[in-house]
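Protein chains in written order, with my numbering: chain A, 396 to 979; chain B, 42 to 144; chain C, 62 to 837.
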Amino acid sequence: MQNILSWTVFLPAIGAVLCLVAPKRHARTIAFVATLATLILSLTLFPTFWNGSEPEGAKAVFGSNYGMLHHVERATWIEMPGKLTIDYFLGIDGLGFPLFILTTLISFLACWASWNFDHWTINKGPRAYFFLFLLLETGMLGVFVSLDFFLFYIFWEVMLLPMYFLIGVWGGPRKEYAAIKFFLFTLAGSVLMLVALVAMYFYSGTAIADAGGSVPSAYRVAEKTVLTHGTFDLIELATNPVIQEYFARATTLFLGLKFAPLMFIFLFIGFAIKLPSVPVHTWLPDAHVEAPTPISMILAGVLLKMGGYGFLRLCYPIFPTGGEVWAFSLAVIAVVSILYGALCAMAQSDFKKLVAYSSVSHMGYVLLGIAVMTQAGFQGAMFQMIAHGISSPMCFFLVGVIYDRAHHREINRFGGLWLTMPKYGTMATIGFFASLGLPGLCGFIGEVWVLLGTFHAGKTFPWAYPMAILAAAGVILTAGYILWLIRRVYLGRERHEYAEYPDASARETFILVPMAVLCIALGILPMQTVFNYTNGTLDLMLSHVQKATQVHQTAIDDHRDGEPPGEPRLGSSASQNRGLVRTP
Amino acid sequence: MTITLSHYLFVSAILFASGLFTMMTKRNAIGILIGVELVLNSAGVNVVAFDRYLGPGRLDGQLTALFVIVLAAAEAALAVGICINVYKNLSTVDVDTAARLQG
Amino acid sequence: MTQHSYEIALALGILSPLVSFWILVFFGPRLGKPASGWVGVILGMGVPLALATYVLLGWYGNDVETRAQLTANAFRYHWADLGSVPATIGVKLDSLTVAMYFMVTFVAFWIFVFSVGYMAGHSDEVDHQSKYHRFFAYLSLFGFSMLGLVVSNSLLFLFIFWELVGLCSYLLIGFYFDRAYASRAAIKAFVTNRVGDFGFLIGLMLVYFQLGTLDLDQAAAKFAEQYAAGTGLFASNYTLFGWSLATIMGIGLFCGAMGKSAQFPLHVWLPDAMAGPTPVSALIHAATMVAAGVYLVARVFRLMTPDALMFIATIGCLTLFLMSLIAIVQTDIKKCLAYSTLSQLGYMIFGMGCGAWIAALFHLITHAFFKAMLFLGSGQVIEGCHHEQDMRKMGGLIKKMPVTAYTFLIGVLAIAGFGIPGTQLGLGGFFSKDEILAVAYVRAFEWTDYTRHDSHDSHNSHGGHAAMGTEQTSREFRLVSDPPSTPHSAEMPAKHGEFGKASIFKNTPPLPKWMFMLAIITAYVTPFYMMRCWWMTFMGKPRDHHVYEHAHESPLMFWPLIVLAAGTIYSSYYLFRPMISDASLTATAAPLVLAVDGAAHNPAINTAHRWLVFGVGLAFLVGFGVAIGIYMHGLALAERIRRSVWPLHTLLEHKYYFDEVYEIVWVKGCIGLAKVCRFIDTWFVDLIFNITASATERLAAFSGLILDNQGVDGFVNGVSDASMTFSDYIRGPQTGRIRNYVLFAAAAATIVLVVLLIYTAQSGGDAVVTASAVTE
């Protein structure tokens with residue numbers, strides 16, 4: 396199918412328009428069909444990735460250092476000839492693919508979770524709700540596939556506004572506060588991103604001008620594309636040697652700071668807010684607590700991943716030297732997030748807030764894995780994103796299920812729910828144990844990969860050892876608060892006020908089961924479910940970063956049998972700049 | 042005693058002053074009109090006198106005086122017309138009462 | 062026979078309980094009460110036991126070379142990549158695996174059978190729904206995890222199954238989760254284990270980082286290689302507390318064992334774990350899971366350094382001594398057995414630390430049999446006595462439950478080390494425990510002789526001395542660390558040969574003598590508390606008639622007891638020891654440490670062992686004698702003794718106050734820290750945001766209300782106000798009255814005229830001149 400990405404991205408938007416014009420009672424049906432269709436459409440991407448994200452010849456793609464793009468769609472969108480080109484540039488690789496699928500899946504499940512909209516405390520305006528919901532999905536999907544920074548930024552903002560209304564209108568008692576807080580935090584990040592966007596455009600323009608005004612494209616070789624002015628093309632920015640070289644040595648006019656680290660940190664702040672990392676995490680608990688359950692699912696399942704995705708898509712490939720400069724600070728932030736988030740979670744008495752803080756802790760692993768720039772770290776971070784994208788919506792939905800019945804979320808007022816609701820209790824055990832990081836479930840792989848990757852980074856960064864050990868201590872805390880939670884809510888003697896609660900309904904079970912199955916599947920078959928699709932891209936990206944920074948130059952492959960140590964495993968320098976991208 | 046220019050000017054000045062005084066003190070529209078006529082006539086006297094004494098043999102002053110007289114007649118006709126209309130509307134020719142158009 | 066038939070059999074044996082688990086999860090409620098239990102017995106353990114028997118017979122039917130070949134060619138499935146290090150999953154096929162696998166399936170099978178009867182009366186009492194099927198589902202899951210742990214060939218999978226058995230333990234301890242203490246005990250067990258696993262993870266990280274593999278064999282080879290070349294772990298001059306990186310790695314891995322095997326600082330969870338149903342205590346907390354720690358140490362023995370082993374020995378020694386003392390004062394029958402388990406696990410760990418690799422594993426297996434049996438016996442008693450666990454209310458039960466009493470006695474004799482010195486007759490503990498002690502003795506007292514002797518010899522000279530070969534030699538102590546004869550030595554670089562025994566001996570310090578003394582003392586304490594336990598329960602006069610009246614035996618439940626008792630008698634010397642001895646050839650081929658084999662009760666030779674056999678082997682007589690002496694006539698004498706040594710008794714009764722201290726330091730500390738964090742989050746981190754927000758709001762108010770309204774707007778309004786005022790002034794004269802205008806005009810004209818005149822006068826009549834010029 397031609398333009399499958401565009402179809403998938405804009406299908407929810409079409410559904411959104413239909414929602415507006417349809418009768419009120421059909422809004423949810425339309426949304427359901429739209430999200431389901433989007434899910435099915437996105438699943439057709441799978442065959443592309445059957446053989447991994449690094450198919451034959453992919454090593455040479457993008458000058459051998461950045462994954463293979465599939466389903467590329469490219470059209471000039473806004474153009475001032477000779478001055479400015481903004482492309483409508485979509486493409487998917489091993490980095491975006493799992494998150495793309497995750498988004499369609501979680502959106503579908505969240506839409507289904509909204510099915511009982513009429514019974515909500517605030518049940519006005521279903522059309523507006525589902526309209527915004529679908530618009531949000533379009534925004535999220537667009538972020539994961541747009542490869543033009545300008546387009547990326549637009550989708551990023553498109554996603555922001557519906558979220559604001561979804562929390563602010565259909566939320567809990569303090570919804571306005573939470574919505575504004577969410578909006579302001581994210582907007583603050585967006586502003587810095589905008590600065591980076593403009594700066595990158597002008598600096599790339601300067602780089603090209605310095606090089607004589609026309610530079611051949613690093614990867615669109617077949618078309619003989621020549622760059623004559625600044626670009627928003629993320630792949631070009633990351634791989635063009637002229638631009639990269641200039642970025643690495645340029646200084647800013649203002650204060651004469653190094654360009655790359657400064658831009659890196661601008662982008663980083665924007666994404667760290669989304670991730671979220673301590674100390675910019677406080678929007679998250681409030682937003683989660685006030686948001687309605689399906690929105691919490693989206694928020695935890697997809698929105699947080701955009702932070703990690705942003706690091707991997709923008710920060711590191713474009714400013715590898717920035718990653719090197721800030722590695723220590725980032726790792727400290729990550730470890731603090733892990734421990735601090737876990738401790739905060741332990742002290743919460745609000746069920747949802749506890750899960751929200753556990754997200755802070757878990758996403759800390761993502762940041763840690765990325766920050767240390769090792770192969771296992773990148774892989775683990777990616778896996779952790781997917782795993783958390785499944786287990787955490789599940790936890791939020793579990794909270795939602797009980798909240799629908801009890802209309803409160805005080806952990807200490809619950810008890811013995813496993814006896815009352817055995818099916819629900821079993822699901823809850825799977826969900827929370829996955830969150831705990833139990834082997835055999837999805838949370839474990841990411842954590843272990845990140846920890847081992849972090850420890851491995853000790854070859855270049857001596858501080859990585861204590862970081863790894865501190866982060867490993869996080870697993871004890873995680874076990875502590877999750878088990879304590881399970882004991883207080885699900886175990887213990889039945890309480891009579893909850894005795895009459897019905898077990899999970901068919902709809903609730905059907906929403907929980909896919910997530911539970913994925914929790915187990917990801918834990919048992921990480922290769923087949925995630926790594927096969929992501930590792931090629933991640934490895935290529937990492938070798939690109941390492942080449943630029945000389946970080947872990949040998950670490951990546953010195954345990955590989957049969958290859959001499961020190962030789963970069965992925966894409967030797969000979970194949971550099973031999974572009975073979977498959978663009979239409 | 043010869044009649045000099047100053048005499049004429051003096052008469053003209055008295056006429057002018059009288060007219061001015063009338064205009065300033067009268068509230069009756071007709072009265073004001075009379076004052077205006079007096080001022081105009083003083084100007085006419087002046088003009089004729091200057092013509093006689095300062096530029097003999099030229100008709101400029103005489104012509105101007107005639108022009109002033111015609112102008113005064115037209116002005117009087119117009120003003121009386123206005124006065125009649127004012128009277129029709131307000132039953133009086135008191136100009137203070139008719140001060141509606143004041144900005 | 063195909064190449065992989067053993068592996069396939071073992072793997073099927075692992076998957077069978079998993080199938081059983083899923084069946085019970087989905088169809089358990091429909092299967093109902095006895096049926097789901099039998100599903101658990103047959104699929105959950107029967108099939109694995111059958112397969113284990115098949116493998117056992119087949120395996121020992123092969124000769125050594127074939128076995129080595131099979132081990133080397135074992136299939137490995139590429140599971141995932143850890144970075145670029147492949148993580149493989151596969152069966153570690155060697156004698157140790159086969160022996161452990163058989164032991165686990167055998168013991169577990171009979172415990173499953175026991176459970177069918179036991180849980181019939183126990184699963185309903187707390188719940189309006191039957192939890193019967195759930196119990197067997199958990200047991201099956203445990204079977205899967207435990208067998209997976211046994212066969213794992215990679216440290217990563219060892220860790221994964223390690224956590225999974227921890228989960229099963231958690232679920233089963235908390236089986237009666239509606240009781241607060243059970244769920245609390247479950248959490249305690251899990252979290253304490255996690256503390257140990259934290260250490261394990263650090264060890265794992267070091268293995269991954271320094272050795273670059275997670276496969277056990279490859280790691281060992283790499284370890285040896287690095288030692289030989291002085292690189293990697295050994296190149297680093299980084300030390301912590303005087304330990305090298307390699308030692309830290311070993312201790313890290315051992316931390317995992319400390320958690321699971323409940324060693325000294327982390328022992329607190331095991332006694333509480335008795336909150337679970339009794340078959341669980343027998344299976345998980347006596348026979349299999351807690352022994353996994355010892356198994357782990359045995360598996361990673363090749364990655365140990367002398368310092369790490371010394372650490373292990375110290376921990377084991379402290380555990381075995383301290384815990385045996387607590388066992389003396391216990392009155393709860395299960396708690397008494399739990400502390401005895403702790404003490405015996407301490408023996409095993411201590412043995413490992415001494416290098417008594419064979420003896421420790423041997424003890425593990427014999428202990429599994431008799432301790433499982435003892436727990437099942439206690440379950441029988443508890444069941445029979447209407448859920449009474451307090452031994453002070455029992456007594457005289459031998460008449461009511463003879464089978465239980467006699468099998469229990471066999472267990473007591475076995476744990477106490479009953480046997481006839483100088484012969485091959487004896488029960489499990491007699492051989493295994495004494496073997497550990499014998500090695501400890503040599504390590505403590507005669508080690509210097511060995512060190513001196515061997516360091517003077519080149520390493521392969523005196524074939525008859527110190528036993529390099531596999532033949533039983535004149536010397537009782539063999540060094541089982543024997544690189545040249547192992548398959549791995551071939552993989553090792555030639556340089557490996559340079560560090561032979563000489564450097565091993567130099568590296569391995571003698572054992573401190575106090576450790577050996579503590580172990581000996583404990584060997585006397587053990588028979589005492591075990592006999593006390595048995596006597597209080599079964600002998601003497603009934604102390605509580607209600608309990609006594611109710612007491613009965615259940616036939617379904619005593620068959621397992623009898624089988625396990627038979628196993629205890631037989632398994633001891635002839636079945637398992639040769640297997641382990643065989644396994645030790647490959648599993649201990651470490652360049653850095655050595656395993657010392659104390660070939661138990663061989664009538665040959667060593668003087669030390671000879672008196673040990675008599676001195677310690679007869680310890681049970683002393684212990685039994687004292688116990689019977691005290692408890693012969695009821696509890697009165699014991700009570701008097703208790704009063705006379707009350708400070709000691711109180712200390713023991715409170716288990717050295719470990720729980721209290723941990724509660725305050727860790728639990729309270731952690732929650733306190735968490736509260737501090739929440740406080741910080743709400744009042745500082747969030748406050749910053751809120752302050753920023755409110756500051757922005759203030760600023761907005763300032764700029765909006767003051768700056769904008771009064772500043773910018775003020776200016777604009779001011780201009781208009783001014784022009785308004787001005788025009789007001791100007792408007793004043795515009796009366797609309799003609800006379801006023803005339804007046805103004807006249808006045809203005811007058812003024813102009815006057816000014817003009819004055820001006821003219823000043824300028825000397827120019828104006829006049831001008832005027833006259835006009836007139837002319």
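Even glycine gets a Cβ: it sits at the ideal position worked out from N, Cα and C.
Within the segment 729–754 of chain C, the residues whose Cβ lies closer than 7 Å to some Cβ of chain A are C731, I732, L734, A735, K736, C738, R739, D742, V746, D747 and F750, listed in chain order. In chain order, M310, G313 and L314 place their CB closer than 6 Å to the CB of C:G264, counting only its own chain and leaving out the 5 sequence neighbours on each side. For A:M535, the CB contacts under 6 Å within the same chain, skipping 5 residues up- and downstream, are T498, M554 and V697 in chain order. For the segment 242–264 of chain C, the beta-carbon criterion of a distance under 8 Å to any beta-carbon of chain A is satisfied by S244, R245, A247, I248, F251, V252, R255, V256, D258, F259, L262 and I263. Residue contact check for C:L804 against chain B: a CB pair falls below 7 Å. Within the same chain, Cβ atoms closer than 6 Å to the Cβ of C:M365 are found at G311 and V654, the five residues on either side in sequence being excluded.
Per DSSP, reduced to three states, the secondary structure at C:M371 is helical. When C-alpha distances from A:I906 are compared across A:S502, A:L464, A:G875 and A:N927, the shortest belongs to A:S502.
Think of a sphere of 9 Å around the beta carbon of B:D135: no beta carbon from chain C falls inside it, the nearest being about 11 Å out. Between the alpha carbons of A:G918 and A:I840 lies a distance of about 7 Å. Counting along the chain, the unbroken alpha helix (DSSP H) around A:E903 starts and ends at A901 to I919. Taking C-beta atoms as the reference points, C:M693 and C:T598 fail to come closer than 7 Å. Straight-line spacing of the CA atoms in C:Y723 and C:L386 works out to 20 Å. The DSSP assignment places complete alpha helix (DSSP H) segments of no fewer than 4 residues inside the segment 605–654 of chain C at 606–611, 616–631 and 637–648, in order along the chain. Comparing alpha carbon positions, the residue from A:Y798, A:F856 and A:M758 closest to A:G838 is A:M758. At a cut-off of 3 residues, not a single continuous stretch assigned as beta strand (DSSP E) sits fully inside the segment 842–903 of chain A. Here the alpha carbon of C:G93 sits roughly 21 Å from the alpha carbon of C:P616. Chain-order list of chain A residues neighbouring C:A141: P921, M922 and F926, by C-beta distance under 7 Å. Taking all protein chains shown into account, C:V773 has fewer than 16 neighbouring C-beta atoms within 10 Å of its C-beta and is therefore exposed. Partner residues in the beta bridge of A:V610, as assigned by DSSP, are A:L622.
Using a Cβ-Cβ cut-off of 7 Å, C:F270 counts as an interface residue toward chain A, since at least one Cβ of chain A sits closer than that to its own. The beta carbon of C:A807 sits closer than 7 Å to some beta carbon of chain B.
Straight across, the Cα-Cα distance linking C:C594 with C:M578 is about 25 Å. Within the model, the alpha-carbon separation for C:S244 versus A:V884 is close to 12 Å. The closest CA to that of C:R137, considering only C:P147, C:L143 and C:F750, is found on C:P147. Among the residues of the segment 143–166 of chain C, those with a Cβ less than 8 Å away from any Cβ of chain A are L143, G144, S145 and V146, in the order of the chain. Around A:L814, the same chain offers E889 as residues with beta carbons nearer than 6 Å, after the five sequence neighbours per side are excluded.
Counting the other CB atoms within 10 Å of its CB gives C:Q405 a total of 16 or more, which places it among the buried residues. Beta-bridge pairing by DSSP links A:Y483 to A:A470.
Collapsing the DSSP output to three states places C:S213 in a strand. For A:I915, not one C-beta of chain C is nearer than 7 Å to its own C-beta. Interface with chain A (7 Å Cβ-Cβ cutoff): C:F205 is excluded. Three or more beta-carbon pairs drawn from the segment 871–885 of chain A and the segment 733–740 of chain A are found closer than 8 Å, and the two stretches are therefore classed as touching. Distance check between A:N398 and each of A:A429, A:P689, A:S437 and A:F778 places A:S437 closest, using alpha-carbon atoms only. Ranking C:L437, C:D142 and C:Y408 by CA distance to the CA of C:A169 puts C:L437 first. Assignment of beta-bridge partners to C:V146 by DSSP yields C:L143.
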